[in-house]
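*Asks:* Respectively, the protein sequence lines represent chains A and B. Heads up: the first sequence at position 975 corresponds to 975 in full-length UniProt numbering, and the numbers run straight through without jumps. Heads up: the second sequence at position 132 corresponds to 132 in full-length UniProt numbering, and the numbers run straight through without jumps. Quick reminder that beta carbons are idealized off the backbone N, C-alpha and C, glycines included. Here the structure is a predicted model, which means the values were calculated and not measured.
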Amino acid sequence: MGTENPNPRNYPLRPAATPFASQQPSTPFLSSGPVVGSEAPVFRPGPPAASNFQAPPFSGGPLVGTEAPAFRVPTSNRSSEVVRPPPPPSSYGPPTSGFQSFPNPPMPSAGQVPPPHISITGRPVIAQPTRPPPVPASIFSQPQPPLVSMGSPPQSIKTGQPNPNIPPPADQHFSAPMPSSQPSSPPTGTSYASGRGIYPGYANMQPNSVSQAPPMQPASFQLQQGGGYAPRAPPTSLLAQQRGYVPVPPVSTPSGIYSGNQFQQHGIAPPVAAQQGLAEDFSSLSLGSIPGSFDAGLDITALPRPLDGDVKPKSSADMYQMNCNSRFLRLTTSGIPNSQSLASRWHLPIGAVVCPLAETPPGEEVPIVNFATGIIRCRRCRTYVNPYVTFTDNGRKWRCNICSLLNDVPSDYFAQVDASGRRVDLDQRPELINGSVEFIAPAEYMVRPPMPPLYFFLIDVSISAVKSGMLEVMSQTIRSCLDNLPGSTRTQIGFITYDSTIHFYNMKSSLPQPQMMVVSDLDDIFVPLPDDLLVNLSESRSVVEAFLDSLPSMFQENMNVESAFGPALKAAFMVMSQLGGKLLIFQNTLPSLGAGHLKLRGDDIRVYGTDKEHILRLPEDPFYKQMAADFTKYQIAINVYAFSDKYTDIASLGTLAKYTGGQVYYYPNFQASIHKEKLKHELSRDLTRETAWEAVMRIRCGKGVRFTSYHGNFMLRSTDLLALPAVDCDKAYAAQLSLEETLLTTQTVYFQVALLYTSSSGERRIRVHTAAAPVVNDLGEMYRLADTGAIISLFSRLAIEKTLSSKLEEARNGIQHRIVKALREYRNLYAVQHRLSGRMIYPESLKFLPLYGLALCKSLPLRGGYSDVQLDERSAAAYTMMALPVKSLLKLLYPNLVRVDEYLVKTAEFDTKTRLPLTVESLDTRGLYIFDDGFRFVVWFGKALSPDITKNLVGEDFATDFSKVSLSQRDNYVSRKIMEILNQYRKSDPSYFQLCHLVRQGDQPREGFFLLTSLVEDQTGGANGYADWMLLLYRQVQQNA
Amino acid sequence: MDWLPFLWLIFSCMNLTLLGLNFYEFLGFSDLEADYLNPYELSSRINYVIVPEYLLHGALCILFLMTGHWIMFLLSLPTAYYNLKQYLSNKHLVDVTEVFKVVSTEKKARLIKLGFYVIFFGLVITRLALSVVSAVFADDEDIVAWSTIY
Chain A
1 MGTENPNPRN YPLRPAATPF ASQQPSTPFL SSGPVVGSEA PVFRPGPPAA SNFQAPPFSG
61 GPLVGTEAPA FRVPTSNRSS EVVRPPPPPS SYGPPTSGFQ SFPNPPMPSA GQVPPPHISI
121 TGRPVIAQPT RPPPVPASIF SQPQPPLVSM GSPPQSIKTG QPNPNIPPPA DQHFSAPMPS
181 SQPSSPPTGT SYASGRGIYP GYANMQPNSV SQAPPMQPAS FQLQQGGGYA PRAPPTSLLA
241 QQRGYVPVPP VSTPSGIYSG NQFQQHGIAP PVAAQQGLAE DFSSLSLGSI PGSFDAGLDI
301 TALPRPLDGD VKPKSSADMY QMNCNSRFLR LTTSGIPNSQ SLASRWHLPI GAVVCPLAET
361 PPGEEVPIVN FATGIIRCRR CRTYVNPYVT FTDNGRKWRC NICSLLNDVP SDYFAQVDAS
421 GRRVDLDQRP ELINGSVEFI APAEYMVRPP MPPLYFFLID VSISAVKSGM LEVMSQTIRS
481 CLDNLPGSTR TQIGFITYDS TIHFYNMKSS LPQPQMMVVS DLDDIFVPLP DDLLVNLSES
541 RSVVEAFLDS LPSMFQENMN VESAFGPALK AAFMVMSQLG GKLLIFQNTL PSLGAGHLKL
601 RGDDIRVYGT DKEHILRLPE DPFYKQMAAD FTKYQIAINV YAFSDKYTDI ASLGTLAKYT
661 GGQVYYYPNF QASIHKEKLK HELSRDLTRE TAWEAVMRIR CGKGVRFTSY HGNFMLRSTD
721 LLALPAVDCD KAYAAQLSLE ETLLTTQTVY FQVALLYTSS SGERRIRVHT AAAPVVNDLG
781 EMYRLADTGA IISLFSRLAI EKTLSSKLEE ARNGIQHRIV KALREYRNLY AVQHRLSGRM
841 IYPESLKFLP LYGLALCKSL PLRGGYSDVQ LDERSAAAYT MMALPVKSLL KLLYPNLVRV
901 DEYLVKTAEF DTKTRLPLTV ESLDTRGLYI FDDGFRFVVW FGKALSPDIT KNLVGEDFAT
961 DFSKVSLSQR DNYVSRKIME ILNQYRKSDP SYFQLCHLVR QGDQPREGFF LLTSLVEDQT
1021 GGANGYADWM LLLYRQVQQN A
Chain B
1 MDWLPFLWLI FSCMNLTLLG LNFYEFLGFS DLEADYLNPY ELSSRINYVI VPEYLLHGAL
61 CILFLMTGHW IMFLLSLPTA YYNLKQYLSN KHLVDVTEVF KVVSTEKKAR LIKLGFYVIF
121 FGLVITRLAL SVVSAVFADD EDIVAWSTIY
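(1) To the nearest angstrom, report how far apart Ala-230 (chain A) and Thr-477 (chain A) are at their CA atoms.
(2) Could you tell me whether any Cβ in chain B is nearer than 8 angstroms to the Cβ of Tyr-1034 (chain A)?
(3) For Thr-190 (chain A) and Met-507 (chain A), what's the separation of their Cα atoms in angstroms?
(4) Under 8 angstroms, with one C-beta from each stretch per pair, do the stretch 867-886 of chain A and the stretch 968-979 of chain A reach the 3-pair mark?
(5) Is the stretch 543-560 of chain A touching the stretch 604-611 of chain A in the sense that three or more CB pairs, one from each, lie closer than 8 angstroms?
(6) I need the boundaries of the beta strand (DSSP E) containing His-711 (chain A), first residue and last residue.
(7) Need the endpoints of the alpha helix (DSSP H) that Phe-1010 (chain A) sits in, please.
(8) Given this structure, state the Cα-to-Cα distance separating Lys-646 (chain A) from Ala-786 (chain A), to the nearest angstrom.
(9) Which runs of the alpha helix (DSSP H) at least 4 residues long sit entirely within the stretch 504-558 of chain A? Give them in chain order.
(10) Hey, which unbroken runs of the beta strand (DSSP E) at 3 residues or more fall wholly within the UniProt domain "Sec23/Sec24 helical" (787-890) of chain A?
(11) Using a cut-off of 7 angstroms between C-beta atoms, extract the partners of Lys-633 (chain A) located in chain B.
(12) Within 10 Å of its beta-carbon, does Asp-526 (chain A) have 16 or more other beta-carbons around it, so buried, or fewer, so exposed?
(13) Who are Asn-896 (chain A)'s beta bridge partners in DSSP?
(14) In chain order, what residues of the stretch 88-110 of chain B put their CB closer than 9 angstroms to some CB of chain A?
(15) Is the beta carbon of Ser-462 (chain A) sitting closer than 8 angstroms to the one on Glu-562 (chain A)?
(16) Using a Cβ cut-off of 8 angstroms, pull out every chain B residue sitting near Tyr-659 (chain A), in sequence order please.
(17) Taking just the CA atoms, how far does Leu-583 (chain A) sit from Ser-577 (chain A)?
(18) Using a Cβ-Cβ cut-off of 8 angstroms, state whether Glu-980 (chain A) counts as contacting chain B.
(19) For Val-768 (chain A), list the residues DSSP reports as bridge partners.
(20) Does Ala-811 (chain A) come within less than 8 angstroms of chain B when only Cβ atoms are used?
(21) Indicate whether at least one CB of chain B lies closer than 8 angstroms to the CB of Lys-802 (chain A).
(22) Grab the span of the beta strand (DSSP E) containing Gly-58 (chain B) for me, first residue to last.
(23) Given a threshold of 16 other Cβ atoms within 10 Å of its Cβ, counted over all protein chains shown, does Val-920 (chain A) qualify as buried or as exposed?
(24) Ala-773 (chain A) CB to nearest chain B CB: under 8 angstroms?
(25) For Gly-20 (chain B), write down the residues that DSSP places opposite it in a beta bridge.
(26) Would you kindly work out how many angstroms separate the C-alpha atoms of Pro-449 (chain A) and Pro-725 (chain A), rounded to a whole number?
(27) Take Ser-540 (chain A) and list the residues in its own chain whose beta-carbon comes closer than 6 angstroms to its own, dropping the five residues that flank it on each side.
(28) With H, G and I counted as helix, E and B as strand and the rest as coil, what does DSSP make of Asn-983 (chain A)?
(29) Quick one: what's got a C-beta closer than 8 angstroms to Leu-598 (chain A)'s C-beta in the same chain, skipping five residues either side?
(30) Is Arg-976 (chain A) helix, strand or coil when you go by DSSP?
(31) My assumption, with CB atoms under 8 angstroms, is that Leu-846 (chain A) sits in contact with Asn-338 (chain A). Please give the rounded CB distance.
(32) Does the CB of Met-322 (chain A) have a neighbour CB from chain B at under 8 angstroms?
(33) Please state whether the Cβ-Cβ distance between Leu-342 (chain A) and Asn-828 (chain A) is less than 8 angstroms.
(34) Taking Leu-458 (chain A) as the reference, which of A:Met-574, A:Ser-922 and A:Thr-383 has the closest Cα?
(35) Within 8 angstroms of any Cβ in chain B, is that where the Cβ of Val-1037 (chain A) sits?
(36) Taking 8 angstroms as the threshold (beta carbon to beta carbon), is Ala-692 (chain A) in contact with chain B?
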């Protein structure tokens, strides 16, 4: 979200995300014109390139591939670009031949061994199972026949063309003209121009943004772009940079022509890369042959483990290079089934996980485009112009890639089209080369002037809030963040505190001190002042500071135990409903007075296992749902901070966050001395991260498919419009697809995510992510293109939703059944040709699915039964997991475990890559381990760990109870080192603050509580261990196979 | 005089009202799907009529029982049971936050109810006609009887 601040200083960096566009000015292309012929010699590697490959280390084979033009030599310059080579030389032969040429080098990692021989047909032939570890038949089978005919996206994409080779089928009609996704009613009263005048930041921005209006303004554009680009690479190396854009070789290139080339690269690359690059037909795991006697056959060390963390799906990115980055949009499988019968055989969810505002690394910011005269959109389906649209009729018309309607090109957007269908001004059009782009929305996208960032605080000041120290930490944190709130001079702020009465604060800037007004009539709430409860921060800064300074002392003596939460919520609603914004609720006790008061329904053990169990996880009072709906209607997002040591009914309170696009932060048993840093970090991140206000999101997709259900924290405003009062980079949304037609006739399905929002600087913007996915007619292909991360993300959301309507056990069984069904279907694909008895097979792309499934069943929202997790914790975790982006979710499910004692005493650099399997056997009594799930650290001290280390880390009291000791920087090398490591971890994942818990081996129940239950591969509390789980899945897969 | 035709007239009016209410609800859900209506409006509209609808059906049911129309009472019982169940499990009101998840099932339920009321309406109308006819005939007989006396 860093891109949102339309700050001229940022500007030069922006184009960095658009390698294609940006270097253009510095290359001859701009002037050299669109003639294809002239390009070809540049891209096409000359014969000399082949010499790069003379010595592939293991090219012992008879190789067809050796003479292939080397389009992708990692270090070479222009020739490294992938272009379509001249008509394939005969030596290319069948697509698979590339593989024959290079017998795989031994690939040591993950215990996988390449097969000794390869079948020409592309069908896998399994190597003799001579050894128990999995023997993946790493065969590059005939890759996706349908794609070959589709034209060659990769090559044309890389040359920066809007792929003229994909002629959208002419017969396609988008049958459901969707109403505009955006509130398109005319601006009420204030025009866009006047809006600009009001918000200076906005006005400044305008002239600087990449102006799209004048079709030909190369001069200024060039200048700016060049400036931004210079540091990254020499201007001439267009191709070298493009290579950076496509860093990894295609996993499964659509055309067999590439296979030889691809393989050569692998030959040169280190074995790990080679292993990733190979598209395997399947992997397998030897489980012994006789059911019942598995234990001998299953090699625990050989089980697949995601020790590299989340591996981004590469397959689709390589086929469609103009797709948006996978951090924004991930499909559960990049191969969309072409028929309903095929879809029904794919037992995993088909859908997408969208994180529209994911944080981008510096240099890859989403480019901002400003059309002066209206945004170019399809007339019928309202799709935004994107890299996959095609221009025809000499540039006067463009064809929508989603509904294939022919639209007119507005005169000021017109540009000539060259012989290959490529616009001549392509390089100046980021929206035609980038999968992700941000449009500046004109006035017709506003129903009111863009709102200012608004933060409102609803603070519980009852006795427990004061006693736990929450009030003090919170006031300090808010005060320290005042400078960094987004929106600079426009930001609005306000406070309400409550116990059994509600206290309003007049923060008028002319006052020296805030005025407190107490309302004690809870049944008929009124707001005592029409304004000045919500004030401009920069104007009333001194009053706000005075308030925050005095807040903890003001309620120091408060003995009130009641909490009039509902009425206070209503009061906040009345104050905020004019503008919308973000409401932060700090709640310490169970709401006890007025509307929405909750009963201590508690965590009743008798209810568990009965049909009424799920009711505990639902909001008790319809008041909360109704309020949440009203808040969303008025563009208010709610973040709930809950602190109680007793039952607070998070299930009810969290509803407010769930339907307003907010988040739940839960600090059970909050103690300022322990949790201070955590609250501080998370609250300040919540306040200062870039936020998109009053947003709506819609995902459009091509004809024949439709998004049918959405999962996450938001409210649906119409069938496919997500209302998101506030969005930020830590929120992801999932959606499931279904096929509407029995047979898809297209070869590609396009998806377009559009998020219309108001940036903190007061600008209305539309962030558009476009992605394409091939339609496949083969189940194996779907499996090959599957993305475990996205599948697990959808699974977790579905399972959590299921816990709201049925028992925990049913939710867990649901996951298990779907995994079993999917694996069984996969097995049926291959079981006929191969003798697979005694082995479990699974696609390479889904090798971690069983493990993540197991981890999901053991995650807080789904784990065990009554006694395993407290109800509040369960609910809080469920609300959190419903919003987590894929990467954080995978880390939460399979956390990092690293051994650090050796690093602490040596001077070696700490390597975060050496993750250990999550089992007790990884823990050595002489070691010191760090466990990191993204939300907390557990530092585990082995029994036989050198006392020196312990002493250095926790000081003299190392023999005492660890629950009272916290890890802090001490003046010695070991302590500095471990803090360095922890900070490194924290920096890599800043969404939440990982509080550090120290645990000594054998220190029950602490050890069990913090660490042992989180070791997902072990058998804990009635749940299966990893090996047992695999055997269980295997047995079930075998049944009715 | 014979009160039976009036009773059947009341029944048919009630039935017609129920039919209308259900159609109104069904239309609301269809509009929601077609995006002519937002969830807020839909829930306020439907929640406004749903309890009256249930009460009306209950009244109809009880009226049948009181007037001794056993068959009609038994026929109207399933819907009454469904309504009661919805009401007791607190599912009768439209939940504005989750309305899109239930919209297809709600539509289906309304459609079935609509069909039920249409059939029921047919029955009621027939009985009304019969009762009117029989009342007329009874009057005729009276007239005949009177005429024979005189």
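*Replies:* Reading from the atomic positions:
(1) Working through the first sequence from its first residue, we reach residue 230 (chain A) at position 230. Working through the first sequence from its first residue, we reach residue 477 (chain A) at position 477. Note that Ala-230 (chain A) has pLDDT 35, beneath the 50 cutoff, so the model's placement of it is unreliable and no number is given.
(2) Taking the first sequence and counting its residues from 1, the one referred to as residue 1034 (chain A) is at position 1034. Not a single CB atom of chain B sits nearer than 8 angstroms to the CB of Tyr-1034 (chain A).
(3) Mapped onto the first sequence, residue 190 (chain A) falls at position 190. Mapped onto the first sequence, residue 507 (chain A) falls at position 507. Confidence at Thr-190 (chain A) is low in this model, with a pLDDT of 36, below 50, so the placement of that residue should be treated as unreliable; the coordinate-derived value is given next. Going from the Cα of Thr-190 (chain A) to the Cα of Met-507 (chain A) covers about 27 angstroms.
(4) no
(5) no
(6) Residue 711 (chain A) sits at position 711 when you count from the first residue of the first sequence. Segment 705-711, the beta strand (DSSP E) holding His-711 (chain A).
(7) Reading the first sequence from its first residue, position 1010 is the one you call residue 1010 (chain A). Where Phe-1010 (chain A) is concerned, the enclosing alpha helix (DSSP H) stretches over 1006-1010.
(8) Locating residue 646 (chain A) in the first sequence gives position 646, counting from the first residue. Locating residue 786 (chain A) in the first sequence gives position 786, counting from the first residue. Rounded to the nearest angstrom, the two C-alpha atoms are 43 angstroms apart.
(9) 541-554
(10) 839-842
(11) Position 633 of the first sequence, counting from 1, holds the residue named residue 633 (chain A). Neighbours of Lys-633 (chain A) on chain B, chain order: Tyr-40.
(12) Taking the first residue of the first sequence as position 1, residue 526 (chain A) is located at position 526. According to the sequence as given, residue 526 (chain A) is Phe; it is not Asp. Classification of Phe-526 (chain A): exposed, given that the 10 Å Cβ count is below 16.
(13) The residue you call residue 896 (chain A) lines up with position 896 of the first sequence. Bridge partners of Asn-896 (chain A): A:Asp-932.
(14) Asn-90, Leu-93, Asp-95, Val-96, Thr-97, Glu-98, Val-99, Phe-100, Lys-101 and Val-103
(15) Numbered from its first residue, the first sequence carries residue 462 (chain A) at position 462. Numbered from its first residue, the first sequence carries residue 562 (chain A) at position 562. Against a cut-off of 8 angstroms, the Cβ pair of Glu-562 (chain A) and Ser-462 (chain A) comes out as a contact.
(16) In the first sequence, the residue the question calls residue 659 (chain A) occupies position 659. Going along chain B in sequence order, the residues near Tyr-659 (chain A) (Cβ under 8 angstroms) are Thr-97.
(17) For the purposes of this step, residue 577 (chain A) is identified with residue 577 of the first sequence, where counting begins at 1. For the purposes of this step, residue 583 (chain A) is identified with residue 583 of the first sequence, where counting begins at 1. When rounded, the distance between both Cα atoms is 11 angstroms.
(18) For the purposes of this step, residue 980 (chain A) is taken as the residue at position 980 of the first sequence. Glu-980 (chain A) does not count as touching chain B.
(19) Position 768 of the first sequence, counted from the start, is the residue given in the question as residue 768 (chain A). Partner(s): A:Val-437 and A:Ala-754.
(20) Here residue 811 (chain A) refers to the residue found at position 811 when the first sequence is read from its first residue. No, no contact with chain B.
(21) Along the first sequence, one-based indexing puts residue 802 (chain A) at 802. Not an interface residue.
(22) Reading the second sequence from its first residue, position 58 is the one you call residue 58 (chain B). Here Gly-58 (chain B) belongs to no beta strand (DSSP E); instead the alpha helix (DSSP H) covers 39-66.
(23) As a working note, residue 920 (chain A) is residue 920 in the first sequence. So Val-920 (chain A) counts as exposed.
(24) The residue given as residue 773 (chain A) occupies position 773 in the first sequence. So, not an interface residue.
(25) For the purposes of this step, residue 20 (chain B) is taken as the residue at position 20 of the second sequence. In the DSSP output, where bridge partners are listed per residue, Gly-20 (chain B) has none listed.
(26) Start at 1 with the first residue of the first sequence, and residue 449 (chain A) comes out as number 449. Start at 1 with the first residue of the first sequence, and residue 725 (chain A) comes out as number 725. Distance between the alpha carbons of Pro-449 (chain A) and Pro-725 (chain A) is about 15 angstroms.
(27) Locating residue 540 (chain A) in the first sequence gives position 540, where the first residue counts as 1. Once the five neighbours on either side are set aside, the close Cβ partners of Ser-540 (chain A) are Met-507 and Ser-509.
(28) Along the first sequence, one-based indexing puts residue 983 (chain A) at 983. In this structure, Asn-983 (chain A) counts as helix in the three-state DSSP scheme.
(29) Within the first sequence, residue 598 (chain A) is the residue found at index 598, counting from 1. Within the same chain, Leu-598 (chain A) has close Cβ partners Leu-590, Pro-591, Ser-592, Glu-620, Asp-621, Asp-649 and Ser-652.
(30) As a working mapping, residue 976 (chain A) is identified with position 976 in the first sequence. DSSP places Arg-976 (chain A) in the helix class (H, G or I) of the three-state scheme.
(31) The residue given as residue 846 (chain A) occupies position 846 in the first sequence. The residue given as residue 338 (chain A) occupies position 338 in the first sequence. No, Leu-846 (chain A) and Asn-338 (chain A) are not in contact; Cβ-Cβ is about 20 angstroms, not under 8 angstroms.
(32) Position 322 of the first sequence, counted from the first residue, corresponds to residue 322 (chain A). No - not a single Cβ of chain B is within 8 angstroms of the one on Met-322 (chain A).
(33) Locating residue 342 (chain A) in the first sequence gives position 342, where the first residue counts as 1. Locating residue 828 (chain A) in the first sequence gives position 828, where the first residue counts as 1. Against a cut-off of 8 angstroms, the Cβ pair of Asn-828 (chain A) and Leu-342 (chain A) comes out as no contact.
(34) Along the first sequence, one-based indexing puts residue 458 (chain A) at 458. Comparing Cα positions, the closest option is A:Met-574.
(35) What you label residue 1037 (chain A) is simply residue 1037 of the first sequence in a count that begins at 1. For Val-1037 (chain A), not one C-beta of chain B is nearer than 8 angstroms to its own C-beta.
(36) On the first sequence, position 692 is the one that residue 692 (chain A) refers to. No, no contact with chain B.
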